[in-house]
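**Q** Take this structure first; my questions come after.
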């Protein structure tokens, strides 16, 4: 199954037969004081720079989330999207819990974006699915419902089924649905890694949809987070995740290595190119 | 299924429910000129030190291979084993293509070792299985036969079945068989990673045996080998490998991270202990 996401200049395809798609997560004010401040002031220069940096680091799609207390989402999100689309060719993931902000963003976006996100909660399904259908975009579906984030594989799979059914009923093609399986921190929920891996395998088998997830939640609260995140990236890609929401600069080498061992990198072209780039960068900082 | 390997002082259990077992690979003269020279001279001090270093680095089982041109295997292997068993508590993997050397080694070994290896080749099965039965040890079975190393998952699985059948017929319990799935360099065989992962999953499902493999062959000839090896370790452990033959100092953090995300490291005790050890080591070298 192929999920197409486009800008006016570029197309990205999420598919099990292709290299893993990296959705750059850095334009998000959560936990970033400086970014929150400039967004409040309506200053989008930092957003522009973050888009450029992430594309340079290998992000395929740029997520844009400007949601923070004191930021007028409905006004700032479309502006941020214009700034980013002028700066980079990469398609985007429009990310907001606010339907009005998403609609304003969809109106100015050039191409077919990903929308982040709908969930299995009734209110979310009712609010968001018509919008996704109207703008004919792709959408990320989070496996949580009115009872919260599920603590086992079974319910994760059930919510994924629910989202796909409801979306298809609303006229959205399955290829336009990307399921986010949602991970707990392994320090808090030692069995959640196994649950998520089982859920990914089952969703792949039963629904065939593309899947994404945050690549670093798993290691929250642990030391040596990159070691855990890299192992996790390999594990979820092998299980069937086809996109990761992450900081491209940090985790891309591990993702490229995983694509390589899965035979998705012909002649190791992408891996070796990235190796050379890192070597050059290391020499320049000497 | 639990594969027990013991010394006179320590027991190691290989099992899907437990942390991945690391078989330290460094006592092997292949490609190591200095080690070859001292072995030829019958000097076992370097072997002793390598055993100590590997246990310190977290190896659970110490592989001992002294096979090199000019080294009298039958004489040196038992001597090396005595030296290693005096130096460390860890159980051992006795590693030789020479049956006489293995038999001499089995006579002096204290405990129940792993023997590396039998293969699906007729001559190997006939030569080695009676010895494994006689000494009641555990054995590594390589998935290659008289036609060589298989280039697809199907034949890997078929050879694993053959080895298990023949071993059981010879009176060896299945729990004492550890299958080595054998990996090609991904640079030479781009699809072999996928084949090996599929073979691991099927052998796990169909035979239930423990599985091991060299953790670094996959990256032969590539740059940034550790990045590839770490991703590969995560991938094969998630698929069902329960032991890895490797340099513990290099790849253990990635293995511990994978055990952690698979819920095999209660309270993250092993991962955090290893983190502290690495931190201390880093401070000492400052």
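Chains as they are written, first to last, in this note's numbering: chain G, 3 to 288; chain D, 3 to 288.
Ideal placement from N, C-alpha and C gives every residue a C-beta, glycine not left out.
These numbers come from a predicted model, not from an experiment.
1) Residue 193 of chain D touches chain G at which residues, Cβ-Cβ below 8 Å?
2) Quick check: the region 232 to 249 of chain G against the region 9 to 24 of chain G, are there 3 or more CB pairs under 8 Å?
3) Rounded to the nearest angstrom, what separates residue 226 of chain D and residue 277 of chain G at their Cα positions?
4) In chain order, what residues of the same chain have a beta carbon less than 7 Å from the beta carbon of residue 131 of chain D, not counting five sequence neighbours either side?
5) Does the distance from the CB of residue 219 of chain D to the CB of residue 253 of chain D come in under 8 Å?
6) For residue 72 of chain G, which residues in the same chain have their Cβ closer than 6 Å to its Cβ, ignoring the five residues on either side in sequence?
7) Between D/145, D/266, D/143 and D/67, which lies nearest to residue 2 of chain D when the distance is taken from Cα to Cα?
8) Please check if any C-beta of chain G sits within less than 8 Å of the C-beta of residue 97 of chain D.
9) Based on DSSP bridge pairs, tell me the residues matched to residue 140 of chain G.
10) What does the Cβ neighbour count give for residue 52 of chain G, buried or exposed, with the cut at 16 atoms within 10 Å?
11) Within 8 Å, do at least three Cβ pairs link the region 251 to 269 of chain D to the region 30 to 50 of chain D?
12) Here's a check: name, in chain order, each residue in its chain whose Cβ is nearer than 6 Å to the Cβ of residue 186 of chain D, leaving out the five neighbours to either side.
13) Which bits of chain D does residue 213 of chain G rub up against, with CB to CB less than 7 Å?
14) Using a Cβ-Cβ distance under 8 Å, would residue 154 of chain D count as near chain G?
15) So the candidates are G/287, G/239 and G/270; which of them puts its Cα closest to the Cα of residue 16 of chain G?
16) What would DSSP say about residue 221 of chain D, mapped onto helix, strand or coil?
17) Which residue's Cα is closest to the Cα of residue 47 of chain D: D/124, D/85 and D/147?
18) For residue 74 of chain D, count the other beta carbons within 10 Å of its own beta carbon; 16 or more makes it buried, fewer makes it exposed. Which is it?
19) Could you tell me which residues DSSP puts in a beta bridge with residue 150 of chain G?
20) What residues of chain D sit near residue 232 of chain G, judged by a beta carbon separation below 9 Å?
21) Give a yes or no on whether 8 Å exceeds the smallest Cβ distance from residue 226 of chain G to chain D.
22) Starting from the Cα of residue 147 of chain D, find the closest Cα among D/155, D/161 and D/99 and give me that residue.
23) How many whole angstroms separate the CB atoms of residue 159 of chain D and residue 230 of chain D, which I take to be in contact at a CB cut-off of 8 Å?
24) So with Cβ pairs under 8 Å, would you call residue 241 of chain G a contact of chain D?
25) Does any residue of chain G bring its CB to less than 8 Å from the CB of residue 270 of chain D?
26) State the beta-bridge partners of residue 13 of chain G as determined by DSSP.
27) At a Cβ threshold of 8 Å, is residue 174 of chain G touching chain D?
28) Could you check which residue in D/63, D/57 and D/108 has the C-alpha nearest to that of residue 100 of chain D?
29) Determine the direct distance from the alpha carbon of residue 6 of chain G to that of residue 83 of chain G, and round the result to whole angstroms.
30) Quick one: measure Cβ to Cβ for residue 93 of chain D and residue 63 of chain D, integer angstroms, because I've assumed they're closer than 8 Å.
31) Along chain D, which residues have their Cβ under 9 Å away from the Cβ of residue 199 of chain G?
32) At a CB-CB cut-off below 7 Å, which residues of chain G make contact with residue 196 of chain D?
33) Whose C-beta lies closer than 6 Å to the C-beta of residue 270 of chain D among residues of the same chain, with five residues either side of it excluded?
34) Measuring straight from C-alpha to C-alpha, what distance separates residue 164 of chain D and residue 110 of chain D?
35) Counting only beta-carbon separations shorter than 8 Å, does residue 64 of chain G have a partner in chain D?
36) Name, in chain order, the residues that DSSP records as bridge partners for residue 97 of chain D.
**A** Looking at the coordinates:
1) 265
2) yes
3) 7 Å
4) 120, 168, 169, 172 and 174
5) no
6) 42
7) Here chain D comprises residues numbered 3 to 288, so residue 2 of chain D is not present and cannot be evaluated.
8) no
9) G/116
10) buried
11) no
12) 194
13) Residues of chain D passing the Cβ test: none, with the nearest at roughly 15 Å.
14) no
15) G/239
16) helix
17) D/85
18) exposed
19) G/147
20) 229, 232, 233, 236, 256 and 259
21) yes
22) D/161
23) Contact flag wrong, Cβ pair sits at about 24 Å.
24) yes
25) yes
26) G/8
27) no
28) D/108
29) 19 Å
30) 5 Å
31) 240, 263 and 264
32) 264 and 265
33) 262
34) 30 Å
35) no
36) D/118
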